[in-house]
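Heads up: the sequence shown at position 135 corresponds to 172 in the working numbering, and the numbers run straight through without jumps. Backbone N, C-alpha and C fix where the C-beta goes; we use that ideal spot for every residue, glycine too. Quick caveat: nothing in here was measured; it's all calculated off a predicted structure. A short worksheet on the structure shown next.
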Amino acid sequence: MEVVLLFTTVIGLLLIGVPIAVSLGMSSVIFLLAFSDSSLASVAQTLFGAFEGHYTLLAIPFFILASSFMTTGGVAQRIIRFSIACVGHLPGGLAIAGVFACMLFAALSGSSPATVVAIGTIVIGGMVQVGYSKDFAAGVICNAGTLGILIPPSIVMVVYAASVEVSVGRMFLAGVIPGLLAGFMLMTTIYVMAKIKNLPKGEWQGWGEILASGREAGWGLFLIVIILGGIYGGIFTPTEAAAVAAVYAFFIANFIYKDMGPLV
């Protein structure tokens, strides 16, 4: 009977538009208060105690926050411009640029879904406009987005490292070569398909555009140096690096690029 009530509470909260995370948490707290001797204070203590020994997991919300700032703060657009300037002139250039942009953004956010959303919302429409099919465009970005699992800082690696109690830094280091190799293989495949199917390519925009777009995207790309350099330089723990990344992403989104207003 208690299980039915708990399930009904969750479904009811979801139906009235309460976010999933809040629905799960609120229904659990209500259930504990109604059907057990636990107090609200003990629930809070239990939640706090659950993080004891799993300090690394605190990196996850900070990486998510950083990726949110970068998505809304204009970092993704500048990375895409830089990627197009570098490889857009190749056969299938816009698709290859999409993969390259996904690799760069994954190295900033650590999240595959965030990478797909940030890059895909811009690149897929552009690919369709220049002659790519919707299926091909969506397939390229969805495949490239999965590189966020391999390329550090990966949220999945943080969860795995905390679960099996291994070093997050070593997990990140182990993902560098496989992530780069997978991205390079995907770009090579697109290039071969572009040659065979005569897919559209852009014009060479010159080294000036590469330097200009790279300089503009540099503030965002420097986050890679902060995260990985801080971890392997012994300056930050992975959790501290994630917190610094969130603060830095907020700073550049608001005060450098100025594409996102201050949060109220």
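Taking only the alpha-carbon atoms, compute the straight-line gap between L131 and C179 and give it to the nearest angstrom. Cα to Cα, L131 sits roughly 15 Å from C179.
Where are the alpha helix (DSSP H) runs, 4 residues long or more, that stay fully inside the region 101-173, in chain order? Counting only runs of 4 or more, we get 112-124, 130-146, 149-166.
Would you give the residue range spanned by the alpha helix (DSSP H) that G319 belongs to? Residue 319 cannot be examined here, being either before or after the span of the chain that is shown, 38 to 301.
Considering only residues of the region 186-259, which uninterrupted alpha helix (DSSP H) runs meet the minimum length of 4 residues and lie entirely inside it, listed in chain order? Runs of alpha helix (DSSP H) with 4 or more residues, each lying fully within the region 186-259, are found at 192-201, 205-234, listed in chain order.
Using 8 Å as the threshold, is the C-beta distance between F106 and M224 below it? With a cutoff of 8 Å on beta-carbon distance, F106 and M224 are scored as not near each other.
Beta-carbon proximity list for I263, same chain, < 8 Å, skipping 5 on both sides: These residues qualify, in order along the chain: A278, V281, A282, Y285.
On the premise that V177 lies in contact with K171, defined as a C-beta separation below 8 Å, what is that separation, rounded to the nearest angstrom? Incorrect: roughly 11 Å between the Cβ atoms, too far for contact.
If we count the other Cβ atoms within 10 Å of its Cβ and call it buried at 16 or more, is Q82 buried or exposed? When all chains shown are included, Q82 counts as exposed.
Taking the straight line between their C-alpha atoms, what separation do you get for L259 and I116? A small correction: the amino acid at residue 259 is Phe; Leu does not occupy that position in the sequence shown. Straight-line Cα distance between these residues: approximately 12 Å.
Would you report the Cα separation of I188 and G147, rounded to the nearest angstrom? About 7 Å.
Distance between beta carbons of T152 and G185, contact taken as under 8 Å: The C-beta distance from G185 to T152 rounds to 5 Å, short enough to fall under 8 Å.
Using CA coordinates, which residue listed in A71, L51, I48, I101 is at the minimum distance from V195? Per the Cα distances, I101.
Within the continuous alpha helix (DSSP H) that includes G266, where are the two ends? Here G266 belongs to no alpha helix (DSSP H), and DSSP marks it neither H nor E.
Applying the criterion that 16 or more other CB atoms from any shown protein chain within 10 Å of the CB defines a buried residue, is V40 buried or exposed? Exposed: under 16 other Cβ atoms inside 10 Å.
Measuring straight from C-alpha to C-alpha, what distance separates D296 and Y92? Each residue's Cα considered, the two are about 33 Å apart.
Helix, strand or coil at Y92 [DSSP, three-state]: Here Y92 sits in helix by DSSP.
Same chain, Cβ closer than 7 Å to P128, neighbours up to 5 away in sequence not counted: These residues qualify, in order along the chain: Y228, A231, K232, L236, K238.
Span of the alpha helix (DSSP H) holding A279? Start and end: 275-288.
Buried versus exposed call for F44 [16 or more other C-beta atoms within 10 Å across all chains shown]: F44 comes out exposed.
Indicate the three-state DSSP secondary structure (helix, strand or coil) for I272 in the structure shown. DSSP places I272 in coil when its eight states are reduced to three.
Among A199, Y269, G243, L50, the one whose alpha carbon lies nearest that of I97: In this structure, A199 is the residue among A199, Y269, G243, L50 with its C-alpha nearest to the C-alpha of I97.
Who are the Cβ neighbours of V301 in its own chain at under 8 Å, not counting the five residues just before and after it? Note that V301 scores a pLDDT of 41, beneath 50, so its modelled location is shaky; the value from the coordinates is reported in the next line. Here the set comprises nothing.
Given this structure, state the Cα-to-Cα distance separating G162 from K234, to the nearest angstrom. In a straight line, the C-alpha of G162 is about 20 Å away from that of K234.
Name the residue from G111, V55, L51, M63 whose alpha carbon lies nearest to the alpha carbon of F292. In terms of CA proximity to F292, G111 leads the group G111, V55, L51, M63.
Ends of the alpha helix (DSSP H) at L43? Start and end: 39-52.
Might you give, ordered along the chain, the residues of its own chain that have their beta carbon closer than 7 Å to the beta carbon of I247, omitting 5 neighbours on each side? Same-chain partners within the cutoff: A122, C123.
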